[in-house]
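Worksheet: one structure, shown below.
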Amino acid sequence: MRTYTSNSPQAAGRIVAIALLADGHLNSSELAAIHRARIAERLGLAPGEFSTILRDLCEDLLTNANMDWSDACKLDSDVMQQVLLELEDPGLRAEVLSLCLVAVHADRHLSDNEAELLAVLSKSWHAHPWQRLLAS
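The sequence shown runs 13 to 148 under the working numbering.
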């Protein structure tokens, strides 16, 4: 799995891409919903860059010898934990979580994997809110 600079638009976009794939398939209503939600503008991505991030994620998942499609977005994996740690900024995390909500609800069905992803994001990113106070 490729790495992105911490708190970069690309790191944020990849987490939204993971949300799109969490139920095991991607449909046009999900893509349309995140584009209507202005993903590029909200994350600071260049036009068309989210499509590249999504394609790169799919390539990474398909070429990783230790993963198969059904394990692609397992949330307890070391890879997934590293992906989550690439976002440290609370404001960016909130923006990503909002876009993930748009993505998973776009097809009007919340799968178990999508619900688990949302729970893991919320828990991982809000488990230690006191750290923000110490950092300021």
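Note that the Cβ used here is the ideal one computed from N, Cα and C, for glycine as well. These numbers were taken from a predicted model, which means no experiment stands behind them.
Three-state secondary structure assigned by DSSP to residue i
i           : result
residue 72  : helix
residue 35  : coil
residue 13  : coil
residue 133 : helix
residue 56  : coil
residue 50  : coil
residue 41  : helix
Burial state of residue i (16 or more Cβ within 10 Å)
i           : result
residue 103 : exposed
residue 101 : exposed
residue 15  : exposed
residue 57  : buried
residue 127 : exposed
Rounded straight-line distance, which links the Cα of residue j to that of residue i
i           : j           : result
residue 50  : residue 115 : 12 angstroms
residue 96  : residue 63  : 20 angstroms
residue 140 : residue 123 : For residue 140, the predicted model reports a pLDDT of 47, less than 50, meaning its position is unreliable; a value from the coordinates is still stated below. Their Cα atoms are separated by approximately 27 angstroms.
residue 74  : residue 67  : 11 angstroms
Residue i versus the options, residue with shortest Cα-Cα distance
i           : options            : result
residue 117 : 41, 56 and 29      : 41
residue 120 : 62, 138, 91 and 35 : 35
residue 137 : 16, 61 and 99      : 99
Legend entry - 4 or more residues per run - each alpha helix (DSSP H) lying fully within the segment 97 to 128: 102 to 117
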